[in-house]
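The structure appears below as structure tokens.
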Amino acid sequence: MTDLTTRAQLILLARTLHVHPQRLQHLRYLGADRLHELQQQISGVLFDQHTETFRRISALVPFIPLSISIPLVQRLVPPMTTGRAAASVGVEHPVKAAETLMMLDPRYAADCAPYLDPRAIEQLADVAPPGPIVEIVNELLRRCDYVTAGPFLSCATPELIAAVEAGVPDDAGLIHSAAYSYDGDLLSAVIRQLLDGPHRRIPRMVHAVLGGRPALQHAALSVFSRCAPDVICRVGDVLFGNARPVEVANLVRNAIGAGAVPEFLTLAGQLTPVALWTLVGNPVFDDPGVGAGLVAPLDSRSDAGSWGGLFTLMSRMDEPVRGVVGYALAALSDSAVAELPARATETHCWPALLDLVAVAGPDAQARFGAVWSGLGPERRAHLHRCITEHHYDTRLAEITALVDPVAVDQLFFQRRRMQRYRHG
Amino acid sequence: MTVRSDCEGGVPETLPALQSLPADEARDLFELMRAAVTFEAAALDKSIDSMLAALPRPFRAVTKKIMFGGR
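Chains as they are written, first to last, in our numbering: chain R, 1 to 424; chain Z, 1 to 71.
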């Protein structure tokens, strides 16, 4: 399933090229980063081709009163064209740009928004009057144009965010828009401000999410999982501190159904102890399908966020749940099973992995043993060391029997011999 | 009266981001980009013409001078 940031970048690129997103579906394999790069460079060409013309329009601004030009522009100029010109002209005349915003019909302005130059928007954010911006954002959300609203919200100054906080009531719309914004740091800054703000928007949004449709929950998980750890921590407390058990169960099942498991696990891995134990205690995990459903999507994932979240969550579950998850780990592809020791090392979760392996049952352990016996000598040695260090020798005797240990001094001897051949 | 596009043809030979794509995909995107450039340039030209025609007479001379002067 294409993640939301990739989908947003694809839509933005399609819009830049004036084609339907379907026309560019074949490029979704490129992922969000490369699509973003393409979109920026191509839209750069489209803006820069008119540098001279926009300079001339800018030179004209002092000579024609806005009261004359703005009504004509709205009547005669396609929003795409106004959008392209607006930012570079606005940067030259920031005061007039602010006045223009006050005069424009929010619907026309919302039509122009997708075509604005993001490079100039950042410069203009400081002088943009909050009132009209809030009206334009409300209009964009009314149209469900979240792909346009997202980048806007990322550019927002603290003053603009405060205005949005107070003046944009559409909680679901803000979450959907945030899911399409590209920069995780900026997103964290916005959510931090909302967490501390006077209007309790985060609890309101969380409430909307818990009662909302799967698509909204997917968007919310995507947003929160991309934030900085301190933000995830605080949002997690709000999310799991206020939710009823049936709502949490719903969220978990929808995460599995919507392909948002990595996002959900990333969130789970950063929770405070209270939020974590609240989540762990939810009866939804008694369903074996849920345990398996949380493991299967990780087959193609190697990020520490998802895996750390899985290990963190599962290490606190009762044995039946851990047994299901251990078994599901053994059912992953050969390459994924082979990489499990690496995942445990990266996430500092060796005890959790060993425990899951220990309760996974004899069939699963036979598979772990078979795959891990094919690992290189250093990795096998590391595996044995971890098993011993964490006192799993007895419980994992079958595996240690299958995985041929390599004495460390033998390893060094072999390495020294290879070096001698190379330099000799 | 048309404003000539600032770069003749308007499109650079290649973009860095296109170079890492398979040739057929890069070509396809390049063509789409060229079409977008042409489309937007035409829209801008038309808008300038419409605005000029609609502006009150006293503003037309200065507009023509600034937009088209020195070309």
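Cβ atoms here follow ideal geometry from the backbone N, Cα and C, with glycine treated the same way.
So that I know if they touch, is there some Cβ in chain R lying closer than 8 Å to that of T38 (chain Z)? In the second sequence, counting from the first residue as 1, residue 38 (chain Z) sits at position 38. Taking Cβ atoms only, chain R never reaches closer than 8 Å to T38 (chain Z), which makes this a no.
Report yes if the CB atom of D237 (chain R) is closer than 8 Å to the CB atom of A275 (chain R), and no otherwise. One-based indexing of the first sequence puts residue 237 (chain R) at position 237. One-based indexing of the first sequence puts residue 275 (chain R) at position 275. In contact: D237 (chain R) and A275 (chain R) (Cβ atoms closer than 8 Å).
Tell me, please, whether the CB atom of P56 (chain Z) is closer than 8 Å to any CB atom in chain R? Walking along the second sequence from the start, residue 56 (chain Z) turns up at place 56. Output row for P56 (chain Z): interface = yes.
Is it buried or exposed for G374 (chain R), if we count other Cβ within 10 angstroms and need 16 for buried? The count along the first sequence starts at 1 and reaches residue 374 (chain R) at position 374. Under this definition G374 (chain R) is an exposed residue.
Using beta carbons (cut-off 8 Å, strictly below), is Q41 (chain R) in contact with chain Z? Counting from one through the first sequence, the residue named residue 41 (chain R) turns up at place 41. It does; some Cβ of chain Z falls within 8 Å.
Contacting positions in the stretch 42-65 of chain R - beta carbon closer than 7 Å to chain Z: Of all residues in the stretch 42-65 of chain R, only I42, V45, L46, Q49, H50, T51, E52, T53, R56, A59, L60, F63 and I64 come within less than 7 Å of chain Z when Cβ atoms are compared, listed by chain position.
Count the C-beta pairs between the stretch 305-320 of chain R and the stretch 342-356 of chain R that are closer than 8 Å, then say yes if the count reaches three, no if not. Contact between the stretch 305-320 of chain R and the stretch 342-356 of chain R is present, because at least three Cβ pairs lie under 8 Å.
Rounded to a whole number of angstroms, what is the C-alpha to C-alpha distance between R213 (chain R) and D404 (chain R)? Taking the first sequence and counting its residues from 1, the one referred to as residue 213 (chain R) is at position 213. Taking the first sequence and counting its residues from 1, the one referred to as residue 404 (chain R) is at position 404. Cα to Cα, the separation comes out at about 51 Å.
If we ignore side chains and look at the alpha-carbon of each, how far apart do L104 (chain R) and R7 (chain R) end up? Counted from its first residue, the first sequence places residue 104 (chain R) at position 104. Counted from its first residue, the first sequence places residue 7 (chain R) at position 7. When rounded, the distance between both Cα atoms is 30 Å.
Is the number of C-beta pairs between the stretch 28-38 of chain Z and the stretch 67-87 of chain R that are closer than 8 Å three or more? Cβ pair count under 8 Å is below three, so no.
Residues near Q25 (chain R) by beta carbon distance below 8 Å, same chain, minus five either side: Along the first sequence, one-based indexing puts residue 25 (chain R) at 25. Excluding positions up to five away in sequence, the list reads L10.
Residue from R:C233, R:V261, R:F285 and R:A255 with nearest C-alpha to P273 (chain R): Counting from 1 along the first sequence, the entry for residue 273 (chain R) is found at position 273. The residue with the shortest Cα to Cα distance from P273 (chain R) is R:C233.
Would you mind sorting M1 (chain R) into buried or exposed? The rule is 16 or more other CB atoms within 10 Å of its CB. Taking the first residue of the first sequence as 1, we reach residue 1 (chain R) at position 1. Any reading at M1 (chain R) needs caution, since the residue's pLDDT is 42, under 50, leaving its predicted position unreliable; the model's value is listed next. Exposed is the call here.
Taking CB distances under 8 Å as the criterion, tell me whether I68 (chain R) reaches chain Z. As a first step, residue 68 (chain R) must be located in the first sequence, where it is residue number 68. Cβ-Cβ to chain Z under 8 Å: yes for I68 (chain R).
For N282 (chain R), which residues in the same chain have their Cβ closer than 8 Å to its Cβ, ignoring the five residues on either side in sequence? In the first sequence, the residue the question calls residue 282 (chain R) occupies position 282. Taken in chain order, the residues that qualify are P245, V248, A249 and V252.
Just to confirm, is the Cβ distance from L271 (chain R) to L294 (chain R) under 8 Å? Position 271 of the first sequence, counted from the first residue, corresponds to residue 271 (chain R). Position 294 of the first sequence, counted from the first residue, corresponds to residue 294 (chain R). Going by C-beta atoms, L271 (chain R) is not nearer than 8 Å to L294 (chain R).
With three or more C-beta pairs closer than 8 Å as the rule, is the stretch 166-179 of chain R touching the stretch 206-223 of chain R? The stretch 206-223 of chain R makes contact with the stretch 166-179 of chain R, as at least three CB pairs between them are under 8 Å.
If we call anything under 8 Å between Cβ atoms a contact, is A178 (chain R) one with G150 (chain R)? Numbered from 1 along the first sequence, position 178 holds the residue referred to as residue 178 (chain R). Numbered from 1 along the first sequence, position 150 holds the residue referred to as residue 150 (chain R). It is a contact, given that the beta carbons lie within the stated cut-off.
Which residues of chain Z have a Cβ atom closer than 8 Å to the Cβ of P78 (chain R), listed in chain order? Looking up residue 78 (chain R) in the first sequence gives position 78. Neighbours of P78 (chain R) across chain Z, judged by C-beta separation under 8 Å: A43 and S47.
Euclidean distance between Cα positions of A31 (chain R) and D3 (chain R): Indexing the first sequence from 1 puts residue 31 (chain R) at position 31. Indexing the first sequence from 1 puts residue 3 (chain R) at position 3. A small fix is needed here, since residue 31 (chain R) is Gly in this sequence, not Ala. Rounded to the nearest angstrom, the two C-alpha atoms are 9 Å apart.
Which whole runs of the alpha helix (DSSP H) in the stretch 309-370 of chain R are 4 residues long or more, in chain order? If only uninterrupted alpha helix (DSSP H) runs of at least 4 residues are considered, those enclosed by the stretch 309-370 of chain R are 319-330, 334-338, 340-347 and 350-358.
State the start and end residues of the unbroken alpha helix (DSSP H) segment that holds R84 (chain R). By 1-based counting over the first sequence, the position of residue 84 (chain R) is 84. First-last of the alpha helix (DSSP H) with R84 (chain R): P79 to E92.
Under 8 Å between C-beta atoms, does E37 (chain R) make it to chain Z? Numbered from its first residue, the first sequence carries residue 37 (chain R) at position 37. Taking a beta-carbon distance threshold of 8 Å, E37 (chain R) counts as an interface residue toward chain Z.
Please name the residue in R:T278, R:A59 and R:N138 whose C-alpha comes closest to that of R316 (chain R). Position 316 of the first sequence holds residue 316 (chain R). Of the candidates R:T278, R:A59 and R:N138, the one whose C-alpha sits nearest the C-alpha of R316 (chain R) is R:T278.
Euclidean distance between Cα positions of A432 (chain R) and K64 (chain Z): The structure shown does not extend to residue 432 (chain R), since chain R spans only 1 to 424, so no value can be given for it.
For A17 (chain Z), would you say it is in contact with chain R, using Cβ-to-Cβ distances shorter than 8 Å as the test? The residue labelled residue 17 (chain Z) in the question sits at position 17 within the second sequence. Yes, A17 (chain Z) lies at the interface with chain R (some Cβ there is under 8 Å from its Cβ).
Per-residue DSSP class, three states only, for Y182 (chain R): Numbered from 1 along the first sequence, position 182 holds the residue referred to as residue 182 (chain R). In the three-state scheme derived from DSSP, where H, G and I count as helix and E and B as strand, Y182 (chain R) is classed as coil.
Exposed or buried, what is S181 (chain R) when buried is set at 16 or more other beta-carbons lying within 10 Å of its beta-carbon? Within the first sequence, numbered from 1, the residue matching residue 181 (chain R) stands at position 181. With 16 or more Cβ atoms within 10 Å of its Cβ, S181 (chain R) is classed as buried.
Taking the alpha-carbon positions, what's the V19 (chain R) to A381 (chain R) distance? Here residue 19 (chain R) is taken as the residue at index 19 of the first sequence, counted from 1. Here residue 381 (chain R) is taken as the residue at index 381 of the first sequence, counted from 1. Each residue's alpha carbon lies about 55 Å from the other.
Could you tell me the alpha carbon to alpha carbon distance between A260 (chain R) and A331 (chain R), rounded to whole angstroms? Locating residue 260 (chain R) in the first sequence gives position 260, counting from the first residue. Locating residue 331 (chain R) in the first sequence gives position 331, counting from the first residue. Taking the straight line from one Cα to the other gives about 20 Å.
Would you call the CB atoms of A255 (chain R) and Q193 (chain R) closer than 8 Å? Counted from its first residue, the first sequence places residue 255 (chain R) at position 255. Counted from its first residue, the first sequence places residue 193 (chain R) at position 193. No, the Cβ-Cβ distance between A255 (chain R) and Q193 (chain R) is not below 8 Å.
As a quick exercise: from R:T100, R:Q365, R:V147 and R:R28, pick the residue whose alpha carbon is nearest that of I133 (chain R). Against the first sequence, residue 133 (chain R) aligns to sequence position 133. Ranked by Cα distance from I133 (chain R), the first of R:T100, R:Q365, R:V147 and R:R28 is R:T100.
Could you tell me the alpha carbon to alpha carbon distance between S88 (chain R) and P114 (chain R), rounded to whole angstroms? Looking up residue 88 (chain R) in the first sequence gives position 88. Looking up residue 114 (chain R) in the first sequence gives position 114. Distance from the CA of S88 (chain R) to the CA of P114 (chain R), rounded to the nearest whole angstrom, comes to 15 Å.
Pick from R:D303, R:E263, R:V325 and R:A304: whose alpha carbon is nearest that of D287 (chain R)? Taking the first sequence and counting its residues from 1, the one referred to as residue 287 (chain R) is at position 287. The option with the nearest alpha carbon to D287 (chain R) is R:V325.
Short of 6 Å in beta carbon distance, which residues of its chain neighbour D111 (chain R), apart from the five on each side in sequence? Order them along the chain. Residue mapping note: residue 111 (chain R) aligns to position 111 of the first sequence, counting from 1. Residues P79 of the same chain have their beta carbon placed closer than 6 Å to that of D111 (chain R), with the five preceding and five following residues left out of the count.
Nonlocal neighbours in the same chain, by C-beta distance under 7 Å from V223 (chain R), ignoring five residues either side: The sequence position of residue 223 (chain R) within the first sequence is 223, counting from 1. Excluding positions up to five away in sequence, the list reads I175, A178, A179 and L187.
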